[in-house]
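In this note's numbering, the protein residues as written are 187 to 1304.
This is how it looks when you write it as structure tokens:
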């Protein structure tokens, strides 16, 4: 692997410091080895020079401890600095590109910017220190060995280069395979992210349970592919371990033979033997660190690919003169042409228009003609680049002079007041709240001021988007242009009238360019600009009426889904059960890991015995058994470590897959989460971020203490048998390694690791929001406060991580000091035992450092493990891939049956009022029901009851005469098309195939018929790849109307008896809307259809109507 060296000043300073620390570490090892060698050699002779032994040994132990602590601290600081720099650069680039990167969804981007770059911790904390140590430590130690014994130095000089040579050869042999495996992992990771983001759609199609199997299959493929990659990496580490072990064995053989023949002294032989492995250890560490840093390096490569990609060019930069400047607020567009790859015709062709300052203009034309594209180009969101070819000139659309109302608004703040205040451009919280109150009052939505943005319906989100644009116009000097894409979509008539009035009042204050399929909204325009047609989509407009505020606004009860109090700590045994330590893979890993640790200790001890015994010059045959034992333990350690890593990762990935499936099933059964599910709330943070963090932490917490405990017992037994006088020293060292040092780590950590995990989770959720809302923020020049807050959150995370690294370095330093002190102390009590026995126990103390240091890291992760368990465990459900197969649940009725609701009442947990009260409803097969009512009247809640997500507190609900509760959600025969249905980053075919189970997949003819039924037949015929055309992340290569039609087509392909359509004609022009409803009436003939709508034209197609929130009662049925 070619190292990626740091380039910033901070990183270069860290590099120099790591080099200095490596030199100090080399000096410490030389001093410590000199003291131990002199002590053991003295025991074999007339007695050691205790002054020399103490001076060199204690000084070496202290310097080594200091070096270990400094290396951990400096490496973590370097990682934090580099991550901050990369995050800042990457965030700026992604925001400048509108929050998207070709080939990478917002979920993958958020993971890259958070957990992905966090992977650099391993690169800087392990790989880079190992790399620097490789360049410094073998050279300095080699000089000391050369001064003591030139033969051993020559052997080391000849064998050390073998390690990097084999590293290169192995890398060349496995490079392509590893690269392909990493690409497969990235694809599988993106697939998992798509499943998390598309959860509401899968629920609506009745496919969420079936997708549990898909999630299992994706997770299993991820596991097997990862293990294939890891097997290559671990095999590389095994090869390096074997080479290093054999090389040390060669040195030991030369030393032993020369000792037997009396050609060198015991002290020199011991010094060379103790220092020789240290020449190879950095190279072995480098091989191990190579694997642990691969994720971070892959994230670094993906980051660099984004940063180095050519930037797309905004339209305003293609003209001459000063880009986009029109001081009076007028807007001029000339020759605007937009062409998408794979489309035979340009979406826009030579569009030109001029808007006088202070005027209102409406873009008109059929759905898909490019109206939204015009606004996106002017807002700087659709640029000339890989995904579109944009040409022409524009004036008056400088980004700092425009306000933007998107077709699909995304809210980034927690409350409505904070969201609008963010866009107001004001810094004072009081002024921000006042601006929010003014903007909401202008559209009669003041009751939304303190609402939680996660609980808003699409209509309420639309009103907030209008209000934040108004706040920007009112409070930011120089904002003279408003671009509004369907500002009244998803709104009831009263709310739409309020928005129209507010927009009309902007006349003469700023220039307004809007897209509206609603004829009343388009009627406020002074100018109509035809796009791709002649404006035929507008029906005659009746006389415009001035909006009069309603006397009463239906209150919205947000208590039911307000943030809940954090759950208490989960019992420790539940965390252990999730890891499944009884699984065969985990038990095998534990056995192999313990064996590898014991073999490593035995290797050092036996090597010491061999050298001391050789100094007594016995016949060489007496040493053959020990020589074979050294080889056995050396090779066995490498093989056992390889097997341990494979089985442990397999066990952890299996447990993680089970957690992910249980969490998926748990999310499907949380009534309090229905609102967020119905309104597009994603599961990205839980399914990906928290579970992956739990996967990384859990084995560290459990595995290392278990192996260290077993090794400690073996060490105490060996010491008690060989040097009983030193048993209490050995027990003391084990207590320090297992209890005292970890306790120091916890004390010094001060819960920093737990804070790190919590902050990382918050950072991931915050970054996901930032990227999702990037287009809105950038178009309104409002991203700076959000980016600043994200950087502060990242800085707090980095501070906690540095504190955690400092604590771990301190604990490791204490452990190293204790091991060295124990070795020196045992020398003082071993004067009456043979030197061979003393060498075994003394060198064993030094070898115990590795396993005890692992305990410090694992115990430090304990609080983080507990925090993650507290977040994840309460939401876990069944681990079955077919949890809907309840033995007590009935199968789907053989024929469609009547739906009967009587006296239904529902109140969200923690709510102050009933959202539904006294709902009575009877629907026969073939009935069409329109559900209307203002926002907050319970329309989404009614859908939740019908789908089986919400269990009514009162009343009865039956399907075909049977209680609805006796049917699983899948067996109710219902399909739901949400208002803002997520489209997967796939092809038209891939999105349509989701409608049914794989065994009943729709044929191509059925898919084409469904597309034709929703008005997409002509578009499909024009596409070069037909239904195999990719539609981009979230379907962004389609217009808003085309996305809506595709979502409806997908619902048409389901085999459901009851179809729930939520605003099916949103983003469609009136003629297209009428045609879609006409096609649906034919395609859904004989099915029960429930249409939730604010559009009277849609409701007119329904034979019955349910009005929620009627003044005289909770509902009215007609």
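Note that beta-carbon positions come from the ideal geometry of N, C-alpha and C, so glycine has one too.
Judged by DSSP in its simplified three-state form, residue 1291 adopts strand. Shortest Cα-Cα distance from residue 1281 to any of 918, 703 and 850 involves 703. Secondary structure at residue 1037: helix, using DSSP grouped into helix, strand and coil. CA-to-CA, the gap between residue 1186 and residue 1285 works out to about 33 Å. Of 438, 679 and 1143, the smallest CA-CA separation from residue 1106 is found for 1143. Distance check between residue 994 and each of 303, 270, 221 and 311 places 311 closest, using alpha-carbon atoms only.
Around the beta carbon of residue 931, 16 or more other beta carbons sit within 10 angstroms, so the residue counts as buried. Beta-carbon to beta-carbon, residue 891 and residue 769 are separated by about 18 Å, too far to satisfy the 8 Å threshold.
Secondary-structure assignment with DSSP links residue 1116 through a beta bridge to 1277 and 1291. At least 8 Å separates the beta-carbon of residue 850 from that of residue 259. Inter-segment contact for the segment 823 to 837 and the segment 415 to 425 is present: three or more beta-carbon pairs are separated by less than 8 Å. Taking the CA atoms as reference points, residue 238 sits about 55 Å from residue 411. Residue range 927 to 935 is occupied by the alpha helix (DSSP H) that includes residue 933.
One thing to note: residue 661 has its Cβ no nearer than 8 Å to the Cβ of residue 700.
Residue burial annotation: residue 220 is buried, with at least 16 other C-beta atoms found within 10 angstroms of its C-beta. For residue 570, the secondary structure class from DSSP, reduced to helix, strand or coil, is strand. Inclusion of residue 817 and residue 265 in the CB contact set at 8 Å is not warranted, their separation being larger than that value. By the neighbour-count criterion, in which 16 or more other beta carbons inside 10 Å mark a residue as buried, residue 594 falls on the buried side.
Put simply, of 845, 342 and 198 the residue whose alpha carbon is nearest the alpha carbon of residue 1057 is 845. The Cβ atoms of residue 1274 and residue 1111 sit closer than 8 Å to each other. Partner residues in the beta bridge of residue 523, as assigned by DSSP, are 577.
Contact between residue 885 and residue 834 holds: CB atoms are separated by about 6 Å, below the 8 Å threshold.
Here the alpha carbons of residue 1248 and residue 1090 stand approximately 21 Å from one another. When the five nearest sequence neighbours on each side are left out, the beta carbons in the same chain lying within less than 6 Å of the beta carbon of residue 327 are those of 212, 461, 464 and 465, in order along the chain.
With contact defined as three or more Cβ pairs closer than 8 Å, the segment 556 to 567 and the segment 958 to 966 are in contact. Considering only 499, 647, 307 and 444, the residue with the shortest C-alpha distance to residue 486 is 307. The shortest C-alpha to C-alpha distance from residue 848 to any of 985, 987 and 1062 is the one to 1062. Distance check between residue 580 and each of 500, 606 and 455 places 500 closest, using alpha-carbon atoms only.
For residue 1086, the secondary structure class from DSSP, reduced to helix, strand or coil, is strand.
Residue 1295 and residue 1116 have their C-alpha atoms spaced approximately 14 Å apart. Residue 1222 counts as buried, since at least 16 other C-beta atoms from the protein chains shown sit within 10 angstroms of its C-beta. In this structure, the beta-carbon distance from residue 218 to residue 243 falls below 8 Å. Here residue 1190 is exposed. Its C-beta has fewer than 16 other C-beta atoms within 10 Å.
For residue 1263, the enclosing alpha helix (DSSP H) stretches over residues 1256 to 1269. Counting the other Cβ atoms within 10 Å of the Cβ of residue 1255 gives 16 or more, which makes it buried. Distance check between residue 602 and each of 647, 1290, 305 and 900 places 647 closest, using alpha-carbon atoms only.
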